[in-house]
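Inspection log for the structure reproduced underneath, given as structure tokens.
2 protein chains.
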Amino acid sequence: MRELKAEVIGIGTELLLGQIANTNAQWISEKLATRGISVYYHQVVGDNPGRIQEALTLSAARADLIFITGGLGPTDDDITREMMAEFVGRPLIKSEEAMKQLAAFFTARQRSMSENNKKQAQVIEGSTLINNGVGTAPGMIIPWQEKFFFIMPGVPNEMKMMMKETVLPFIRETYDIDDVIRSKMLRFIGIGESQLEMEVKEIIDRQTNPTIAPLASDGEVALRLTAKASTIDQAERLIKDVELQLIERVGDFLYGEDGDSIASAVVKLLEMKGLTLSAAESLTGGRFSDWLVSVPGASQVFKGSIVTYQNEIKTGVLEVPTSVIASDGPVSHACCYQMAKRIKEKFNSDIGISFTGVAGPGRFDGHEAGTVYIGIYQDDEHYAVEKYQFVNNREMNRTRSVKKGLEQLYYLLSSMK
Amino acid sequence: MRELKAEVIGIGTELLLGQIANTNAQWISEKLATRGISVYYHQVVGDNPGRIQEALTLSAARADLIFITGGLGPTDDDITREMMAEFVGRPLIKSEEAMKQLAAFFTARQRSMSENNKKQAQVIEGSTLINNGVGTAPGMIIPWQEKFFFIMPGVPNEMKMMMKETVLPFIRETYDIDDVIRSKMLRFIGIGESQLEMEVKEIIDRQTNPTIAPLASDGEVALRLTAKASTIDQAERLIKDVELQLIERVGDFLYGEDGDSIASAVVKLLEMKGLTLSAAESLTGGRFSDWLVSVPGASQVFKGSIVTYQNEIKTGVLEVPTSVIASDGPVSHACCYQMAKRIKEKFNSDIGISFTGVAGPGRFDGHEAGTVYIGIYQDDEHYAVEKYQFVNNREMNRTRSVKKGLEQLYYLLSSMK
């Protein structure tokens, strides 16, 4: 099949005012990518005649399939329908079919149709109506000079239903698409983006199918392999080959793939080793527990935690000796060790992990914001307390602490016989 | 001031593959709107030389201020720096300043700088460096034909810090912006979007400055008031007038404004009433505690929590009577009541809140996924246990539970004398 170029245009002043993000463009692009259709551009313009015409002209000059969302509502500033008609030079005509659907919509909801809504039953001559199962505005498929414009409402669930039920099947039929694209994400910890890329640069450079793209997001790095082939099997084989080469180089840092998270990797390891975990959280305030519990099945290995957000809870409930707090303070190696040891014993789990530190803003008890101790306790022969100095804001310091804790656990568990 | 036209360009193939949404464009647009700068276009292109040049040419032809995010990373597919240099026809030169900041970044994190990272210290001749407080890639302010290009990393928190600390102040100075736009968000709970809209429709309809926009996001609803004026005072007065009219109608449902969250509203009320809180979390798994701890100053009123993710912890640590679990099970009115009472007593707080239920996927102990009990206990005369049936996925059920708990607390606290 010849390569299809796609473009997504979002129309709506609310997008330019930053009141909403253009998640429609993301969703449409993702669906097209998995079908082997390349999206080269996104555009966003407001409800403005001149700029809408400009956007349409631009997209028509460079794309085969143009997906337009927004501006189909009943109000006067919704002008996508009119602008599209003007661009393709065809009149808007009243559609009995659309009118029927509109009427049905309002009857079903025992609401009466306003005059404005009737405007939504106008369709461009020569276009195909896209039924709106969820809302009032119908969409349209508009053929023009061997291209297709697809106009759909900006309301995400209305657009998604139209894409799934009408637009995507239409594209598949029209171009009998056989090409498929498969993507696989390989996830790493304990290695920076630039170091990882250097290690595998040579593989990346000689690779065209699948392509390999390094991605970094705070504290984590991943490689995305994307293969294009005529069958799913073939695409997956292409990916597998390269995956093996990569694992040979940087397999030590690989902790999971695709939807995996460090939390799910840790839960998996705990299950494999048949071990249980409990946590004592101070600055992380429950976030570590929350991340673990987000993994379905965590209840088998995670017993729970105590959030000791005040010293009296560290001593009173967790039973960290008051002498330790008195001598070393709550943000200390000694307190962190005690927290990990006590939670392990109190919850009768195989491993206890503890977090204490200063999230910020501002110093606390003589420590910089970002000073964090993380402890892992199995028994008096097997424990570790690490000190970190993060340099971010309150929320990021707390998230980094959780990630570091999970990273430490991951190393410990994967090194166990 | 002459009208400034702005444009936002997102660079990155991951955007076109739909792996992430272009939230950077939303955030930047929102910040510019509140400063009276009109954003007319968003563009997104991949890491492709030709298309990046095309996007730059287009934006330069129609905007005064061009904000570019993405493609500043250390890897080879990050080419924004080179493309920008090519476009303005100036060389990339090594910046000692940038090198110093990079070095400092790695020293602070006890990591060593890779060869790739050094590429990030290259800046365009004649540009002004934007310090990156959080990551490695510095940004640049590039003056060109009475326009300015601002290039920033795609990592949201790095971009946001650069905008707040460098770019926005720079724009304000450069154009001594006098025409200001002020926005205020009024946040409501316990009222649906359509009901709220009906209550205040008449006010919305006759309002032009400030404008009033209703916004809804899962379980919460807000009204955004946006006023344009020549002075901040004037804009704020315009907003105040309308705010008072709105409060007269729907003030009972108003819990906060702007950056407030239900969590911060609850913390504020606890401080005002001089009360302390503790939590017993089962299905929420620490998320309730995490949300509270996210509010700076929470440590004054939030003592902490116990995450009882297994029955043996409910009975062994929290000391819920085994008979209760045996007779009613962990997901029950009785267990929820006990959890709230025990945590209140154990942590010696004024109020105890408890969460137990089935997050899903799948049924548990004879209960549908989404079955949730939330208990609030002060003393044997003052307590409440509510049952809810949510219908979402695991994560949404857990989040809804936390929000409901905060909502219940908010009502209780605001009704206290």
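Taken in order, these protein sequences are the chains called G and C. For the first sequence, the UniProt record's numbering begins at 1 and goes up steadily by one. For the second sequence, the UniProt record's numbering begins at 1 and goes up steadily by one. Quick reminder that beta carbons are idealized off the backbone N, C-alpha and C, glycines included. Just so it is clear, the structure is predicted and the values come from calculations on it, not from any experiment.
#1: Starting from the C-beta of Val180(G), find all residues in its chain whose C-beta is less than 6 Å away, skip the five residues before and the five after it, and write them out in chain order.
#2: Could you round the C-beta distance between Phe302(G) and Leu277(G) to whole angstroms and report it? I think they count as a contact, below 8 Å.
#3: With burial defined as no fewer than 16 other Cβ atoms inside 10 Å of the residue's Cβ, what is the status of Met140(G): buried or exposed?
#4: In whole angstroms, what separates the C-alpha of Val8(G) from that of Arg394(G)?
#5: Using a Cβ-Cβ cut-off of less than 8 Å, give me the residues of the region 364–397 of chain C that come near chain G, in sequence order.
#6: Near Ile66(C), which residues of its chain fall below 6 Å by C-beta distance, leaving aside the five closest residues on each side in sequence?
#7: Could you check what DSSP says for residue 418(G) in three-state terms: helix, strand or coil?
#8: According to the Cβ coordinates, are Thr308(C) and Ser401(C) closer than 9 Å?
#9: Are at least three pairs of beta-carbons, each pair with one atom in the region 152–162 of chain C and one in the region 17–29 of chain C, less than 8 Å apart?
#10: Which bits of chain C does Val317(G) rub up against, with CB to CB less than 7 Å?
#11: In chain C, which residues lie less than 7 Å from Phe302(G) when you measure between Cβ atoms?
#12: If I measure Cβ to Cβ from Arg81(C) and keep anything under 7 Å in the same chain, skipping five residues before and after, which residues do I get?
#13: Determine which residues of the region 67–88 of chain C have a Cβ less than 9 Å from any Cβ of chain G, and write them out in chain order.
#14: From this set, Asn116(C), Glu125(C), Lys147(C) and Phe106(C), which residue's C-alpha is nearest Val134(C)'s C-alpha?
#15: Check the Cβ-Cβ distances between Ser332(G) and every residue of chain C, and say whether any is below 9 Å.
#16: In chain C, which residues lie less than 8 Å from Arg51(G) when you measure between Cβ atoms?
#17: Can you tell me which residues form a DSSP beta bridge with Lys228(C)?
#18: So with CB distances below 7 Å, who are the chain G contacts of Ala63(C)?
#19: Within 10 Å of its beta-carbon, does Ile68(G) have 16 or more other beta-carbons around it, so buried, or fewer, so exposed?
#20: Based on Cα-Cα distance, which residue from Gly256(G), Leu225(G) and Val250(G) lies nearest to Asp241(G)?
#21: Helix, strand or coil: how does DSSP classify Ile247(G) here?
#22: To the nearest angstrom, report how far apart Met84(C) and Leu56(C) are at their CA atoms.
#23: For Asn132(G), which residues in the same chain have their Cβ closer than 6 Å to its Cβ, ignoring the five residues on either side in sequence?
#24: Quick check on the DSSP output: the alpha helix (DSSP H) that includes Met198(C) runs from which residue to which?
#25: Could you tell me if Gly362(C) is buried or exposed, where buried requires 16 or more neighbouring beta carbons within 10 angstroms of its beta carbon?
#26: Mind pulling the chain C residues with CB within less than 9 Å of Ile306(G)?
#27: Could you pull out every unbroken beta strand (DSSP E) segment of at least 3 residues lying fully inside the region 55–111 of chain C, listed in chain order?
#28: Compare the C-alpha of Val250(G) against each of Gly190(G), Asn311(G) and Leu168(G) and name the closest.
#29: Can you check which of these residues, Ile11(C), Tyr40(C), Leu4(C) and Val221(C), is closest to Leu15(G) by C-alpha distance?
#30: Considering only residues of the same chain and omitting the five flanking positions on each side of Cys335(G), which have a CB-CB separation below 8 Å?
#31: Along chain G, in chain order, which residues have C-beta atoms closer than 7 Å to that of Ile313(C)?
#32: Who pairs with Leu215(G) in a beta bridge, going by DSSP?
#33: For the beta strand (DSSP E) containing Ser38(G), list its first residue and its last residue.
#34: Would you please verify whether the beta carbon of Gln26(C) is less than 9 Å from any beta carbon of chain G?
#35: Name, please, each residue of chain C whose Cβ falls closer than 7 Å to the Cβ of Gln195(G).
#36: Skipping 5 residues on each side, what residues in its chain have a beta carbon closer than 7 Å to that of Gly360(G)?
So, to answer that:
#1: In the first sequence, counting from the first residue as 1, residue 180(G) sits at position 180. If we look at Val180(G) and ignore the five residues flanking it on each side, its Cβ neighbours are Gly36, Ile232 and Ala235.
#2: For the purposes of this step, residue 302(G) is taken as residue 302 along the first sequence, with counting starting at 1. For the purposes of this step, residue 277(G) is taken as residue 277 along the first sequence, with counting starting at 1. Yes, they are in contact, since the Cβ atoms of Phe302(G) and Leu277(G) sit about 5 Å apart, within 8 Å.
#3: As a working note, residue 140(G) is residue 140 in the first sequence. When all chains shown are included, Met140(G) counts as buried.
#4: Working through the first sequence from its first residue, we reach residue 8(G) at position 8. Working through the first sequence from its first residue, we reach residue 394(G) at position 394. Looking at the two C-alpha atoms, the distance is approximately 37 Å.
#5: Arg394 and Glu395
#6: Translated into positions along the second sequence, residue 66(C) becomes position 66. The answer, listed in chain order, is Glu7, Ser59 and Phe149.
#7: The requested residue 418(G) does not occur in the structure, where chain G is confined to residues 1 to 417.
#8: Position 308 of the second sequence holds residue 308(C). Position 401 of the second sequence holds residue 401(C). Result no, Cβ atoms of Thr308(C) and Ser401(C) do not sit closer than 9 Å.
#9: Contact holds: three or more Cβ-Cβ distances are below 8 Å.
#10: Position 317 of the first sequence, counted from the first residue, corresponds to residue 317(G). The answer, in chain order, is Lys346 and Phe347.
#11: Start at 1 with the first residue of the first sequence, and residue 302(G) comes out as number 302. Those within 7 Å of Phe302(G) in chain C are Tyr309.
#12: By 1-based counting over the second sequence, the position of residue 81(C) is 81. Here the set comprises Leu72, Leu92 and Gln122.
#13: Correct list: Gly73, Pro74, Thr75, Asp76 and Asp77.
#14: Along the second sequence, one-based indexing puts residue 134(C) at 134. If we check each option's Cα against that of Val134(C), Phe106(C) comes out closest.
#15: As a first step, residue 332(G) is located in the first sequence; it is residue number 332 there, counting from the start. It does not: the Cβ of Ser332(G) has no partner Cβ on chain C nearer than 9 Å.
#16: Counted from its first residue, the first sequence places residue 51(G) at position 51. Ordered by position in chain C, the residues that pass the 8 Å Cβ test against Arg51(G) are Tyr40 and Tyr41.
#17: As a first step, residue 228(C) must be located in the second sequence, where it is residue number 228. Ile181(C).
#18: Walking along the second sequence from the start, residue 63(C) turns up at place 63. Chain G residues near Ala63(C): none, gap ~12 Å exceeds 7 Å.
#19: Position 68 of the first sequence holds residue 68(G). Result: buried.
#20: Locating residue 241(G) in the first sequence gives position 241, counting from the first residue. Among Gly256(G), Leu225(G) and Val250(G), the Cα nearest to that of Asp241(G) belongs to Leu225(G).
#21: For this step, residue 247(G) is matched to residue 247 along the first sequence. Residue state for Ile247(G) is assigned as helix, using DSSP reduced to three classes.
#22: Here residue 84(C) refers to the residue found at position 84 when the second sequence is read from its first residue. Here residue 56(C) refers to the residue found at position 56 when the second sequence is read from its first residue. Between Met84(C) and Leu56(C), the C-alpha separation is close to 8 Å.
#23: For the purposes of this step, residue 132(G) is taken as the residue at position 132 of the first sequence. Cβ within range, chain order: Pro138 and Glu158.
#24: The count along the second sequence starts at 1 and reaches residue 198(C) at position 198. Met198(C) -> alpha helix (DSSP H) spans Glu193 to Arg206.
#25: Here residue 362(C) refers to the residue found at position 362 when the second sequence is read from its first residue. Answer is exposed; the Cβ neighbour count stays below 16.
#26: Translated into the one-based positions of the first sequence, residue 306(G) becomes position 306. Result: Gly304, Ser305, Ile306, Val307 and Val317.
#27: 65–69 and 92–94
#28: As a position in the first sequence, residue 250(G) is number 250, starting the count at 1. When only C-alpha atoms are compared, the closest one is Gly190(G).
#29: Residue numbering aside, residue 15(G) sits at position 15 when the first sequence is read from its first letter. Ranking the options by Cα distance to Leu15(G), first place goes to Tyr40(C).
#30: The residue you call residue 335(G) lines up with position 335 of the first sequence. Excluding positions up to five away in sequence, the list reads Lys314, Val320, Val324, Ile325, Asp328, Gly329, Thr356 and Tyr373.
#31: For this step, residue 313(C) is matched to residue 313 along the second sequence. Correct list: Lys303, Gly304 and Phe347.
#32: Taking the first sequence and counting its residues from 1, one reaches residue 215(G) at position 215. In the DSSP output, where bridge partners are listed per residue, Leu215(G) has Ala222(G).
#33: Position 38 of the first sequence, counted from the start, is the residue given in the question as residue 38(G). Boundaries of the beta strand (DSSP E) around Ser38(G): Ser38 to Val45.
#34: What you label residue 26(C) is simply residue 26 of the second sequence in a count that begins at 1. So, interface residue.
#35: Walking along the first sequence from the start, residue 195(G) turns up at place 195. Result: Ser114.
#36: Taking the first residue of the first sequence as 1, we reach residue 360(G) at position 360. Here the set comprises Ala369, Gly370, Asn393, Arg394 and Asn397.
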